[in-house]
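K.L.:
Before I ask anything, here is the structure I am working with.
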Amino acid sequence: MTVSIKQHIEKSIEENQRSQQLSFELLLAKINPHFIYNTLNSIIYLARKEKCNDIIQMTGAFIYLLQDSIHLGHSPLFARFENETEVIRQYIVIQSYRYRDRFSFHLSLDDELLTCYIPRNILQPLVENSLIHGICTNDKPGTIILDIKKEADHCVILLTDDGIGMEQSYADQLLHSQTDTDAVRRARIRPIGINNIAERLIYLFGDQHSFTIESHPGNGTKITIKIPIVTNPDSYHVSFPVNS
């Protein structure tokens, strides 16, 4: 009994430390200096062109993203779908100025999921990877489609693009924490965001979720994530098995 209690305490401490680490990594991931630099440069460019309305719209979107980055709310690891999809919309507003006429974006969200919860900062890095590494490295304009729907007691997130794609072997490596750097370089995709998403999904949902990337050079990329529907993050916790 004493051994079991000790193991339970150790697992609880480990869980708390891992949760704090993931929350900190999440905050760092959302504050991207490179993105901030490019956004401010774009605003300066618009100012020189005296595009007042464009400056207002772009600055408003930028402020929204900054506020979202520093306001984690009562749940550090979860946010409502309606909030996370609004983050995507504001992100697209900014990138539409920087990559004008380079891409189109379509988002659909099942109304039943609006007030449900999703792990924070899952969607934006996926869209960013599709845009920066899939579409904008191509010679022609492309399309990104984000479709989020409810299936029974699960949520299915499907992100597709018609960008440059990558070898399937490279795509598979992006889901693992130990990724071959040369493969990543040739795949032209930012692995840190993908690795972080995969790690957090494992931590939160274990074998109750799935995360796959399907891709082929020249034929774009399809990312599919299936997670349990979370209606109350306060009651949702990760349990570690305790060996007796």
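No gaps in the numbering here: position 244 of the sequence shown is 244 in this note's numbering, and each next residue is one more.
Yeah, the Cβ is synthetic: ideal placement off N, Cα and C, and Gly gets one too.
Within 10 angstroms of its Cβ, does C52 collect 16 or more other Cβ (buried), or is it exposed?
P.N.:
The residue in question, C52, is exposed, as its Cβ has fewer than 16 Cβ neighbours within 10 Å.
K.L.:
To the nearest angstrom, how far is it from the Cα of V156 to the Cα of G142?
P.N.:
Each residue's alpha carbon lies about 23 Å from the other.
K.L.:
Output the residue ranges of the alpha helix (DSSP H) runs that lie fully inside the stretch 42 to 85 and measure 4 residues or longer, sorted by chain position.
P.N.:
Taking only runs of at least 4 residues, the alpha helix (DSSP H) segments lying wholly in the stretch 42 to 85 are 52 to 70.
K.L.:
Please say whether I148 and D101 have beta carbons closer to each other than 8 Å?
P.N.:
For D101 and I148, no; Cβs fall outside 8 Å.
K.L.:
Please report how far the alpha carbon of N121 lies from the alpha carbon of F81, in whole angstroms.
P.N.:
Roughly 11 Å between the two C-alpha positions.
K.L.:
Given A187, which residues of its chain have a CB within under 6 Å of its CB, disregarding the five upstream and five downstream residues?
P.N.:
In this prediction, A187 has a pLDDT of 45, which is less than 50 and means its spatial position is unreliable; what the coordinates show is noted afterwards. Cβ within range, chain order: M166, Y170.
K.L.:
What residues in its chain sit with their C-beta under 8 Å from that of F24, if we drop five residues either side in the sequence?
P.N.:
Here the model assigns F24 a pLDDT of 45, short of 50, so the residue's position is not dependable, and the following value carries that caveat. Same-chain partners within the cutoff: there are none.
K.L.:
Can you check whether the CB of I223 is closer than 8 Å to the CB of I213?
P.N.:
Yes.
K.L.:
Going by C-alpha to C-alpha distance, which of S108, E151, D54 sits closest to I145?
P.N.:
That would be S108, whose Cα lies nearest to the Cα of I145.
K.L.:
With which residues is D147 paired in a DSSP beta bridge?
P.N.:
According to DSSP, D147 bridges with S108, L158.
K.L.:
For V93, collect the residues of the same chain with a Cβ closer than 6 Å to its Cβ; drop the 5 residues on either side in sequence, then sort them by chain order.
P.N.:
These residues qualify, in order along the chain: A61.
K.L.:
Which stretch, first to last residue, makes up the alpha helix (DSSP H) that contains E128?
P.N.:
That run of the alpha helix (DSSP H) goes 123 to 129.
K.L.:
At the level of alpha carbons, what is the spacing between G163 and D172?
P.N.:
So the alpha carbons of these two residues sit roughly 17 Å apart.
K.L.:
Among R48, L46, I88, K49, which has the Cα closest to the Cα of L66?
P.N.:
Comparing Cα-Cα distances from L66 to each of R48, L46, I88, K49, the minimum goes to I88.
K.L.:
Who does F205 pair with in a DSSP beta bridge?
P.N.:
F205 pairs with nothing; no bridge assigned.
K.L.:
If you follow the alpha helix (DSSP H) that Y170 is in, where does it begin and where does it stop?
P.N.:
168 to 173 is the extent of the alpha helix (DSSP H) around Y170.
K.L.:
Out of curiosity, what's the CA-to-CA distance linking R98 and N129?
P.N.:
Looking at the two C-alpha atoms, the distance is approximately 15 Å.
K.L.:
When the distance is taken between beta carbons, is I202 closer than 8 Å to D161?
P.N.:
Going by C-beta atoms, D161 is not nearer than 8 Å to I202.
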